[in-house]
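Trainee: In this note's numbering, the protein residues as written are 25 to 222. Glycine included, C-beta positions come from ideal geometry on N, C-alpha and C. Here it is: the structure, laid out below.
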């Protein structure tokens, strides 16, 4: 099967809407707009190109995570399969670009975020009870938060990433070139050992 996979960056344009279907499948949708920027050589200025609008749709656990994490106005990066919804409205045939997102999150080039790992799993109902307690017949669900503050790779409180100096950063210290590799002049070397008799 062929599919068109795309990655888009933009802003969440509508408040994410989380829905649980009658069969218990959850999904979340929101609209996003992305505008291509280009350099106009004739004027020497950056200009906005065409704005494309997408409906972003996520399913199941990802849908719950999106509903808890993203809000209208948030910068977002989304990757998934591109499709088209078609319907007939009061003014005739309509279409909408839809991105069924497999991966998405905040655009960290525009701000900071903290990742909180969660695990959604069904719980066993107590004897004599049915469903989630909402009378809908669906199994109840438990959400577990996995605190990574003490996990591997976590900075100690006194070693916060915000507390680093330029001396700790090879980019700021000029030790790396644009390709991420060192340059002969920029990389510090140990002094050559003295050769006896030279």
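Could you compute how far the alpha carbon of residue 142 sits from the alpha carbon of residue 106?
Mentor: If you take the alpha carbons of residue 142 and residue 106, they lie about 27 Å apart.
Trainee: Taking DSSP as the reference, what is the three-state secondary structure of residue 137?
Mentor: Coil at residue 137, not helix or strand.
Trainee: Tell whether a beta-carbon distance below 9 Å holds between residue 98 and residue 36.
Mentor: Going by C-beta atoms, residue 98 is nearer than 9 Å to residue 36.
Trainee: Relative to the C-alpha of residue 73, which residue among 67, 120 and 58 is closest?
Mentor: Checked all of 67, 120 and 58; the closest Cα to residue 73 is 58.
Trainee: Three or more C-beta pairs under 8 Å: does that hold for the region 83-98 against the region 107-121?
Mentor: Cβ pair count under 8 Å is below three, so no.
Trainee: Going by DSSP, name the residue or residues bridged to residue 41.
Mentor: In DSSP, residue 41 forms a bridge with 53.
Trainee: Whose C-alpha, out of 26, 25 and 31, is nearest the C-alpha of residue 131?
Mentor: Of 26, 25 and 31, the residue nearest in Cα terms is 31.
Trainee: To the nearest angstrom, report how far apart residue 26 and residue 124 are at their CA atoms.
Mentor: Each residue's Cα considered, the two are about 15 Å apart.
Trainee: When the Cα of residue 122 is compared with those of 114, 112 and 102, which residue comes out closest?
Mentor: Residue 102 is the option with its Cα nearest to residue 122.
Trainee: First and last residue of the alpha helix (DSSP H) that includes residue 87?
Mentor: Residue 87 -> alpha helix (DSSP H) spans 84-93.
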